[in-house]
């Protein structure tokens, strides 16, 4: 990595909540060529506690303070999805590269606008679908590309779980005006991204969602069909109102098949 990075990247976090505690926050401290130097959160008590525990020198309850710091190279946006677009635009205008949590935004239009503003300002934009970099999935994609099970014909994706208990630390997940769609957007986006990672660009997709349990005001059952530009087609079934947990992606080829978990 020393041959690729001329100087360490100084990273700032906007929204240092639960997702930054054991995953991305510590990673930015441990990764060669990266320093976590600034964090922002509106709750001052929790902000100071986070900064102290993670040994971050600079912190503020105002995102503008972070963006005005010329030493910051990259901003990790770890807020709820309803403000991803806003903070991405502000970071891009401040000439900061952007690493934004999934789901990328609330709508396709918002995603497209985020891409455009980052292109306009000449900064990089990356969505936090970290599973793409895990050895397990890199190996699976290599197996597909080398046609170990022949040409890929179709796939079946199934993800089910019991109705989630209310998480007081993340109440916004169950508010579709903030999260966009509950667990479907939260967990389901990882599942769909894995299909994109393995099969490429989508040619056609259609689905239907419903709220069957009425536990929260978000969809809990989703069914869909997808066709990729390479001809692979398949079905997606997600149910967050089930009696048991299942996580299966079955890929069917002309000479065999493979099945594995995604989450």
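Residue numbers (my numbering): 67 to 329. Every residue gets a Cβ at the ideal spot worked out from N, C-alpha and C, and that includes glycine.
The Cβ-Cβ distance between residue 223 and residue 301 falls below 9 Å.
Positions of the beta strand (DSSP E) runs, each at least 3 residues long and wholly inside the segment 178-256, are given as 191-193 and 218-226 in order along the chain.
In the three-state reduction of the DSSP assignment, residue 271 falls in the strand class, which pools E and B. With a 10 Å radius around the Cβ and a threshold of 16 neighbouring Cβ atoms, residue 192 comes out exposed. By the 16-neighbour rule on beta-carbons within 10 angstroms, residue 328 is buried.
When DSSP states are grouped into helix, strand and coil, residue 101 belongs to the strand group. When 169, 178 and 128 are compared, the shortest CA-CA separation from residue 195 is found for 169. Spanning the alpha carbons of residue 185 and residue 102 requires a straight line of approximately 25 Å.
Between the alpha carbons of residue 150 and residue 312 lies a gap of roughly 30 Å. A direct Cα-Cα distance of roughly 12 Å separates residue 148 from residue 252.
Counting the other Cβ atoms within 10 Å of the Cβ of residue 73 gives fewer than 16, which makes it exposed. Here residue 138 carries a coil assignment [DSSP, helix/strand/coil]. Counted as a single uninterrupted DSSP element, the beta strand (DSSP E) harbouring residue 325 occupies residues 323-326. The segment 120-136 makes no contact with the segment 204-219, as fewer than three CB pairs between them are under 8 Å. Per the coordinates, the alpha-carbon of residue 112 lies some 39 Å from the alpha-carbon of residue 315. In this structure, the beta-carbon distance from residue 269 to residue 288 does not fall below 9 Å. Counting along the chain, the unbroken alpha helix (DSSP H) around residue 115 starts and ends at 110-119. The count of Cβ pairs closer than 8 Å, one atom from the segment 236-245 and one from the segment 278-288, reaches three, so the stretches are in contact. Between the alpha carbons of residue 233 and residue 84 lies a gap of roughly 11 Å.
A direct Cα-to-Cα measurement between residue 277 and residue 178 gives close to 28 Å. Residue 314 carries a strand assignment under DSSP once its states are collapsed to helix, strand and coil.
A buried status is given to residue 156, since no fewer than 16 other beta-carbon atoms sit within 10 Å of its beta-carbon.
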